[in-house]
Amino acid sequence: MHFRTKAIHIGNEPDGTGAVVPPIYLAATYVQPGADEWGTFDYSRSGNPTRKAFETTLASLESGYGTLAFSSGMAAIHCVTMLLKSGDHILAGRDLYGGSFRLFHKIIDRAGISVTLVPTEDLAAVRAAFRANTRLLWIESPGNPLLTITDIAACAAIAHQHGSLLAVDNTFATPALTRPLELGADISVHSVTKYIGGHSDVLGGALVARDEELYRRLYFIQNATGAVMAPLESYLSGRGLKTLELRVRAQCQNAEAIAAFLTTHPKVQSVFYPGLPTHPGHEIAKRQMSGGFGAIVSFELIAGFNAAKRVVESTRIFRLAVSLGAVESLIEQPASMSHASYDPEVRRANGISDGLIRLSVGLEHPDDLIEDLDRALATA
Ligand SMILES: Cc1ncc(COP(=O)(O)O)c(C=O)c1O
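Here the working numbering runs 973 ahead of the position in the sequence shown, where the first position is 1.
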């Protein structure tokens, strides 16, 4: 079955009423057949039919054994880190979402888990950074906010040689473009808030596990800690999946047009977009992404912080907001917004300059988006 057909039908089979769209089950608890017999559902933290429908569809789209849906992307990421114990080590990509950076460096370090950042686009650096106690390799591809491309299949092989798991934050690519589990990863992670929800009206997260054993370990942690996705969010997330491929492909086309425009602009120093043949990860991206190169474009101005601030505050169609992946285009300055939780020195050392601007390209007409950027860049 093709991706688009699975997105519409798997997990969405009509129930006893014949309703084409399954209802939203709000019940917190479920009547049991007997005191020592359990029905399919017993309590909504442990399982809910609306959440299950979304989880079933996403597992099918990611080619995984099972999905667990969470109340946010960070809750999903935190759940993965709870597989580890004191003394373990995480190796994570340097081009990392700011919230993951904060979780790794300011929360889970308290549990005695150490983290090293490495440029995962450089496989020799990844190999060299493994330690005897490394239990998890954490990557994003494309990375955030510099859109670095990491070879997922190669990282899976390296991680497994060292007895480590590979988790891929697949938020930027979505299963419409990249399916990490098919490339050997163990866990694919999403901020559902982004492309899967797709309309800036859902906060959610998800994990897709490659096999049953890993799924059961993660399910145990989720049920024990409780950050599950609520029924309305589950319904909206499942609805988002139905149009995911169409939206993402159209957004990728818009992003390609904008990246091409930015490369010719006199006030722009560099453009980060894996679809550009000049991008260092372009060949790997061609191999592991299908149908487009994503809809996030970052660029650096020749001028610095203040010019970037003026530009992000001057657009009229691009809204000044963090987050990404929805139908409306957004613009932000990582140094003062999405990556503000980094120490400024660390942030600069990780390649995130003060003049960097990140775009989440939406579904508006590309001519309107380019005109809006052109007008705002005049202020730089
Ligand atoms: C790549 C990536 N991963 C994870 C997250 C965290 O997701 P959430 O905001 O849903 O907790 C984000 C949020 O921006 C993100 O961009």
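From the three backbone atoms N, C-alpha and C, an ideal C-beta is built for every residue, glycine too.
Query raised in the report: Near L1076, what residues of its chain come up, given a Cβ to Cβ distance below 8 Å and the 5 sequence neighbours on each side ignored?
Result: M1047, I1050, H1051 and T1054
Query raised in the report: Candidates H1338, L1056 and D1009: which alpha carbon is nearest L1191's?
Result: L1056
Query raised in the report: Less than 8 Å separating the beta-carbons of S1173 and A1146?
Result: no
**Report entry** Cβ-heavy atom distance, K1079 to ligand 1, below 7 Å
**Finding:** no
Query raised in the report: Is M1055 near ligand 1, going by C-beta to nearest heavy atom under 7 Å?
Result: no
Query - Identity of the residues DSSP links to F1245 by a beta bridge - result: S1271
Query raised in the report: Using a Cβ-Cβ cut-off of 6 Å (strictly less than) and excluding sequence neighbours within five positions of L1138, which residues of its own chain qualify?
Result: L1109 and D1159
Report task. Select from N985, I1063, A1203 and G1007 the residue whose C-alpha is nearest the C-alpha of L1031. Result -> N985
Query raised in the report: Does DSSP put R1183 in a helix, in a strand, or in coil?
Result: coil
Query raised in the report: How long is the line joining the alpha carbons of S1263 and A1008, rounded to whole angstroms?
Result: 51 Å
Query raised in the report: Should L1235 be labelled buried (16 or more other beta-carbon atoms within 10 Å of its own) or exposed?
Result: buried
Query raised in the report: Rounded to the nearest angstrom, how far is the Cβ of I983 from that of P1204, given a contact under 8 Å?
Result: No, I983 and P1204 are not in contact; Cβ-Cβ is about 19 Å, not under 8 Å.
Report task. Pull up the distance between the alpha-carbon of T1251 and that of A1200, whole angstroms please. Result -> 42 Å
**Report entry** Any alpha helix (DSSP H) of 4 or more consecutive residues that is wholly inside the segment 1253–1305
**Finding:** 1255–1261 and 1278–1285
**Report entry** Coil, strand or helix - D1341 by DSSP
**Finding:** helix
Requested in this report: Would you mind working out which of S1210, R1152 and Y1188 sits nearest G1171, comparing C-alpha positions?
Outcome: S1210
Query raised in the report: Of all the alpha helix (DSSP H) runs that stay within the bounds of the segment 1094–1132, which reach a length of 4 or more residues?
Result: 1096–1102
Query raised in the report: Would DSSP call V1141 helix, strand or coil?
Result: strand
**Report entry** Ordered list of beta strand (DSSP E) runs contained in the segment 1144–1201, each at least 3 residues
**Finding:** 1160–1164 and 1178–1182
Query raised in the report: Which residue comes first and which comes last in the beta strand (DSSP E) that contains R1331?
Result: L1329 to S1333
**Report entry** Nearest-angstrom beta carbon gap, V1285 and Q1306 [assumed within contact, 8 Å]
**Finding:** 5 Å
**Report entry** Three-state class that DSSP yields for T1237 in the structure shown
**Finding:** coil
**Report entry** Buried or exposed (CB count within 10 angstroms, at least 16 for buried), F1027
**Finding:** buried
Requested in this report: With hydrogens ignored, establish whether the beta-carbon of F1145 is closer than 7 Å to any heavy atom of ligand 1.
Outcome: yes
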